[in-house]
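In order, the protein sequences belong to chains W and U.
Following this note's numbering, the numbering of the first sequence begins with 1 at its first residue and continues without gaps.
Following this note's numbering, the numbering of the second sequence begins with 1001 at its first residue and continues without gaps.
The C-beta atom is built at its ideal place from N, Cα and C for all residues, glycine as well.
Remember, it's a predicted structure, so these values are computed and weren't measured experimentally.
Below is one structure; the comments refer to it alone.
Number of protein chains: 2
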Amino acid sequence: MEKPQAAPRPGGRAARIQAAVFKAVDELKQAGEELTVPAIAARAGVTPSTIYRRWGTLADLLSDVAVRHLRPDGEPTDSGDWRADLRLWLEQYAEEMASEPGRAMMRDVLSADRAANACTCSAYTGQQLDVIRQRALARGDTPPETAVLMDRVIAPVIYRILFTHEGADGDYVAGLVEGVLGEG
Amino acid sequence: MEKPQAAPRPGGRAARIQAAVFKAVDELKQAGEELTVPAIAARAGVTPSTIYRRWGTLADLLSDVAVRHLRPDGEPTDSGDWRADLRLWLEQYAEEMASEPGRAMMRDVLSADRAANACTCSAYTGQQLDVIRQRALARGDTPPETAVLMDRVIAPVIYRILFTHEGADGDYVAGLVEGVLGEG
């Protein structure tokens, strides 16, 4: 089962090692090279045992790297029209997750035995939806609950991407959003 | 990317090797032993290169084994009341997928670079729902489309299991089913 893992103190030795190892993974991926613990260690300037001690397995390390990339860069666009913002954000989310790097990140997150990482991804998504919802509430509107948006839009999009050939194109996403906003 | 893989001719050499290798994986798992290609090969009485030639990687082999286990044993129960049958089937499906072996199978299916296996799982689910739907139609009823059931019940159940702490308990599943049957 997953090990509880404290975030390293910023600026400390553990944080510097983590940054170097994450950077090494990104660089090797970009170069299309095989991801092995010895290759990552050599690139990061640490010993393989440092990596094994901190992450346990390669899958756990790749899962941590993927979660870091799935962290949102900022808040969803605020155009003044929360419905339009919601549509746009969900469309971009589906596109990003359906892309080859998006699929690879989900695969990395899920293939490790680190349930907390998968939960973190879902929490990021929920937080972004909450931001749009709060803006709608502040304007006296009645947006759907975040949990409803997770069930009715996020879940079917991710299921389609992971388990079907069809994927989640713009029309499909738009249909899901209309389904949930129509009842809002 | 995934290699197209013809099903072996029943009774042929390839089918016998596949059966022996799948059995070896199951036995090693049951014994709680580490799953490595050499250990599987030794147990199955084949050479490791036979396994690499046929499956490419350990992840691909484990994905194929998991898909085989996810194949339904038979048709959903037919009580004469399709709504009750649907509720029961979905409840059992959620329970099975949320169990430790269910999660491990999904992880094995998704962690390999074999999109066809994930699609096969989803197709199995759709076929079971189709059976219940056809019975309802034969009785002159108007059950929800299978695609709607996939979006509104299967997808949120699987998303919850894969990405959240909450899981998909009986009340949650019942709520999803009522949501979709209420509109049927």
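Query: Contact between the segment 41-54 of chain W and the segment 65-77 of chain W: three or more CB pairs below 8 Å?; Result: no
Query: Apply the 10 Å Cβ neighbour rule to residue 84/W and answer buried if 16 or more other Cβ atoms are within range, or exposed otherwise.; Result: exposed
Query: Could you give the DSSP three-state label for residue 4/W: helix, strand or coil?; Result: Its pLDDT being 42, under 50, residue 4/W is placed unreliably in this model, and the value from its coordinates should be taken loosely. Coil.
Query: Considering only their Cβ atoms, is the gap separating residue 152/W from residue 179/W smaller than 8 Å?; Result: yes
Query: Using the beta-carbon of each residue, which ones in chain U are nearer than 9 Å to residue 118/W?; Result: 1162, 1163, 1164
Query: So what's residue 13/W in DSSP terms, helix, strand or just coil?; Result: helix
Query: How is the alpha helix (DSSP H) around residue 1097/U delimited, first residue to last?; Result: 1082-1098
Query: Ignore the nearest five residues each way along the sequence and tell me which others in residue 1117/U's own chain have a CB closer than 6 Å to its CB.; Result: 1063, 1067, 1109
Query: Going by CA-CA distance only, name the one from 138/W, 140/W, 145/W that's closest to residue 127/W.; Result: 145/W
Query: Say whether chain C places a C-beta atom closer than 8 Å to the C-beta of residue 1017/U.; Result: The displayed structure is made up of protein chains W and U, and chain C is not among them.
Query: Please name the residue in 100/W, 142/W, 123/W, 172/W whose C-alpha comes closest to that of residue 1163/U.; Result: 123/W
Query: Shorter than 8 Å from the beta carbon of residue 1110/U to some beta carbon of chain W?; Result: yes
Query: Which same chain residues, not among the five before or five after residue 2/W, have their C-beta less than 7 Å away from its C-beta?; Result: Note on residue 2/W: pLDDT 44, under 50, position unreliable in the model; the coordinate value appears next. For residue 2/W, where only same-chain residues beyond five positions count, the Cβ hits under 7 Å are 113, 114, 115, 116.
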